[in-house]
Amino acid sequence: MLLQGQDVRQAPIEMLSRHLAVVLTGRHAAANLKVEELVALGRIPHTGWTGRLRPVDQEAITQALTQTGAAYLRGRLVHELSDGQRQKVFIARALAQETELLILDEPTAHLDLPNRYLIMQLLREVAHKQHKAVLVVTHDLDIAIETADVFWLMRCGAPLLSGSPEDLILSGELASLFEGSQLYFDRLQGSMRFQASAAQRGFPGIPWRSSGSAKPS
1 MLLQGQDVRQ APIEMLSRHL AVVLTGRHAA ANLKVEELVA LGRIPHTGWT GRLRPVDQEA
61 ITQALTQTGA AYLRGRLVHE LSDGQRQKVF IARALAQETE LLILDEPTAH LDLPNRYLIM
121 QLLREVAHKQ HKAVLVVTHD LDIAIETADV FWLMRCGAPL LSGSPEDLIL SGELASLFEG
181 SQLYFDRLQG SMRFQASAAQ RGFPGIPWRS SGSAKPS
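UniProt numbering numbers the first residue of the sequence shown as 1 and each following residue consecutively.
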């Protein structure tokens, strides 16, 4: 993988930190840091080893908190935040880093449904309004279809598929990912569905998909 024409495995950390920001999955430990202090860590590539914040750094921190809707949290302790609030703060830290590439690993993990949509919509706005490349690794297929511009579909032992969500849906390539399983992609609804097995049909709470025969009574 090349970044600015250089192999990322050989690139110096100083160069990587100025061009690439990463938000990893999992529950991050932040000890007793306040939100503002955590977001300020994103400025380290620009402040050097002293960590002294200049007015331009303070402005970047405030802007990142505002963009993520987390400005009201700046004085709160990170460990007191909800999962959705904490994820916004870690994204703010990455934005404060002011890189052109942002990579996030499962950014909607541990979040409830409303916050999943809010986070993915936030990332879409970051990409479009700030002209950043935002790469998201996710298993939230339904939400990704609504918010992503380009899909890279990775299948074990198969070539990488790339294209807009609409093109991959219409071509049937998205549905092909689930062949042989009880999951299928409903092209009309644009979302995943579950197809009950013969043993599961008729059980309460398990949807049944007809394949041409009448539904058993």
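Just so you know, even glycine gets a beta-carbon here, dropped at the ideal spot from N, CA and C.
Query                                                                                                        : Result
Three-state secondary structure assigned by DSSP to S213                                                     : Unreliable positioning characterises S213 in this predicted model, as indicated by a pLDDT of 40, which lies under 50. A coordinate reading is not provided.
Every unbroken beta strand (DSSP E) within the region 134-165, with a cutoff of 3 residues, ordered by chain : 151-153, 161-163
T138 beta carbon less than 8 Å from that of L95                                                              : no
Distance cut-off 7 Å: L141 Cβ against heavy atoms of the ligand ZN                                           : This structure lacks the ligand ZN; in fact it carries no ligand of any kind.
Assigned secondary structure, Q85 (DSSP; H/G/I helix, E/B strand, else coil)                                 : helix
Through-space distance from E36 to E80, alpha-carbon basis                                                   : 14 Å
Cβ-based neighbour list, R76, same chain, cut-off 7 Å, excluding 5 preceding and 5 following                 : K34, V35
Integer-rounded CB distance, given that I143 should sit under 8 Å from I165                                  : Per the sequence shown, the amino acid found at residue 165 is Pro instead of Ile. Actually they are not in contact, since the Cβ atoms of P165 and I143 sit about 11 Å apart, beyond 8 Å.
CA-to-CA distance, L141 to I169, given in whole angstroms                                                    : 12 Å
Cβ shell of L20 (< 6 Å), same chain only, five flanking positions each side left out                         : T99, L101
Whole-angstrom distance between I103 and D7, CA atom to CA atom                                              : 17 Å
Element boundaries [beta strand (DSSP E), containing D105]                                                   : 101-105
Counted within 10 angstroms of its Cβ, other Cβ atoms place Q97 as buried (16 or more) or exposed            : buried
Element boundaries [beta strand (DSSP E), containing L39]                                                    : The residue you asked about is not Leu; residue 39 is Val in the sequence shown. It is not in any beta strand (DSSP E) - V39 instead sits in the alpha helix (DSSP H) that spans 35-40.
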